[in-house]
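The opening position of the sequence shown corresponds to residue 13 in the numbering used here, with each subsequent residue numbered one higher.
Where is the CB? At the ideal position from N, CA and C, for every residue including glycine.
Computed from a predicted structure; not experimentally measured.
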Amino acid sequence: MAFSRHNIEKRRLIELVRLNPILWDCRLPHYKRSDKRKAIKWNELGRLFNVNGERVQRTFTSLREIFRRELNHEKMLGTARFKSKWEYYDAMAFLKEVIRERK
């Protein structure tokens, strides 16, 4: 199953990443020293989609950056005035606690 513009594939990827906090949760004690474990995990996810691990990681990184921009819009406008129209916003909400503002 290759990545395409199909929403179900991106939703599935988001869910699989959410279930593997080593890939996204910088609050974990060994997060910074687990590059090898992260690479293995990305490769495992890649096999599920019949692509290499780097492709899966790039796809998720792109989704994460879009989510970061949406969070910045929310912060600027306030939660009462902002409602994201991005289809993956709610699915990516697990990242809210770990995404830091860029300076």
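By the DSSP assignment, the alpha helix (DSSP H) with residue i in it spans what residues?
i       : result
Leu-40  : No alpha helix (DSSP H) contains Leu-40, which DSSP labels as neither H nor E.
Leu-57  : 47-60
Asn-146 : There is no way to answer for residue 146, as the model of the chain reaches only from 13 to 115.
Tell me whether the beta-carbon of residue i lies closer than 8 Å to the beta-carbon of residue j.
i       : j       : result
Trp-98  : Ile-111 : no
Tyr-101 : Ile-26  : no
Leu-83  : Trp-36  : no
Gly-65  : Leu-57  : yes
Leu-28  : Ile-34  : no
Around the Cβ of residue i, are there at least 16 other Cβ atoms within 10 angstroms (buried) or fewer (exposed)?
i      : result
Met-88 : exposed
Thr-53 : Note that residue 53 is Lys in the sequence shown, not Thr. By the neighbour-count rule (16 or more Cβ atoms within 10 Å), Lys-53 is buried.
Leu-60 : exposed
Thr-91 : exposed
Lys-22 : buried
The ligand COA and residue i: does the residue's C-beta get closer than 7 Å to at least one heavy atom of that ligand?
i       : result
Ala-103 : This structure simply doesn't include the ligand COA, nor any ligand for that matter.
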